[in-house]
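Participant: Numbering-wise, our numbering comes out as the position in the sequence shown, counting from 1, plus 3. After the structure tokens below, expect a handful of questions from me.
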Amino acid sequence: MGFFAMTVGNRALYIVVCGGGYPADDLPVFVKQAQATGWDIRVVATPSSLKFIDTGLLAGLTGHGVRSEYALVEDDNEERPVPDAIVVAPATFNTVNKFAGGISDTLALSLLNETICSGIPIIIGLPPNPTHAKHPAFLANIATLRSWGVQVIFEYEGIVLENIPDIEGWKALFPWQKLLDALEAAKSS
4 MGFFAMTVGN RALYIVVCGG GYPADDLPVF VKQAQATGWD IRVVATPSSL
54 KFIDTGLLAG LTGHGVRSEY ALVEDDNEER PVPDAIVVAP ATFNTVNKFA
104 GGISDTLALS LLNETICSGI PIIIGLPPNP THAKHPAFLA NIATLRSWGV
154 QVIFEYEGIV LENIPDIEGW KALFPWQKLL DALEAAKSS
């Protein structure tokens, strides 16, 4: 596979960060929790997500730089093992729609599109946005990704936007634990 070097070692997890605002605040906690279960993590960020994440903190936690752009072969000395799983979190409306359409206009989307036919588990965590749940293309694209074997965690049933009082309320609804559970299931398969 083009993006990956064929190395052997700990179980490699790539986390693709797509923006998502408030849930990205909890990404360092998720990284630590995944590491505690034996994952060696690399973070790949979309360009728009860079304003929501602390790349220095994530690099310090993972021991690997956060990638967001393509690198020339001669400038690229980062080890990139073939992943045992990929988590996309927080995912966005835009990334889901582009991924399902086969668009690879960022490093993150290229990684996902390159991996889709490999049998490597891809798990997507979306904020529970009932407004997006009304968009026919979005729901069709989630169904498409699921039909390809991608696990999409998008739970919006019963959520009323007006009833969520603040950012902390939104953050509490993001499915971090379900992503960890899905990773555990992927590890044992």
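Even glycine gets a Cβ: it sits at the ideal position worked out from N, Cα and C. For clarity, every value in this text was computed on a predicted model and none was experimentally measured.
Run through the segment 55 to 142 for me and flag every whole beta strand (DSSP E) of 3 or more residues, listed as ranges in chain order.
Facilitator: 88 to 91, 125 to 128
Participant: Where V19 and V99 are concerned, what is the direct C-alpha to C-alpha distance, given to the nearest angstrom?
Facilitator: 12 angstroms
Participant: Could you tell me the alpha carbon to alpha carbon distance between T40 and G105, rounded to whole angstroms?
Facilitator: Rounded to whole angstroms, T40 and G105 show a C-alpha spacing of 32 angstroms.
Participant: Given this structure, state the Cα-to-Cα distance separating K35 from T65, to the nearest angstrom.
Facilitator: CA-to-CA, the gap between K35 and T65 works out to about 9 angstroms.
Participant: Note down, in chain order, each residue of its chain lying with its Cβ closer than 6 angstroms to the Cβ of A189, except the 5 sequence neighbours on either side.
Facilitator: A88, P124
Participant: Where V32 and A140 are concerned, what is the direct C-alpha to C-alpha distance, given to the nearest angstrom?
Facilitator: 32 angstroms
Participant: Would DSSP call W42 helix, strand or coil?
Facilitator: strand
Participant: In terms of alpha-carbon separation, which member of A111, F96, D28, W42 lies closest to V69?
Facilitator: A111
Participant: Could you pull the start and end residues of the beta strand (DSSP E) that A15 belongs to?
Facilitator: 14 to 20
Participant: Shortest alpha-carbon distance to P50 belongs to which of T58, P26, Q154?
Facilitator: T58
Participant: Give me, in chain order, the residues of the same chain whose beta-carbon lies closer than 7 angstroms to that of L53; leave out the 5 immediate sequence neighbours on both sides.
Facilitator: Contacts found: S71.
Participant: From which residue to which residue does the alpha helix (DSSP H) around A189 run?
Facilitator: According to the DSSP assignment, A189 belongs to the alpha helix (DSSP H) that extends over 179 to 190.
Participant: Would you mind sorting L142 into buried or exposed? The rule is 16 or more other CB atoms within 10 Å of its CB.
Facilitator: exposed
Participant: Tell me whether T134 is buried or exposed, calling it buried when 16 or more other Cβ atoms sit within 10 Å of its Cβ.
Facilitator: exposed
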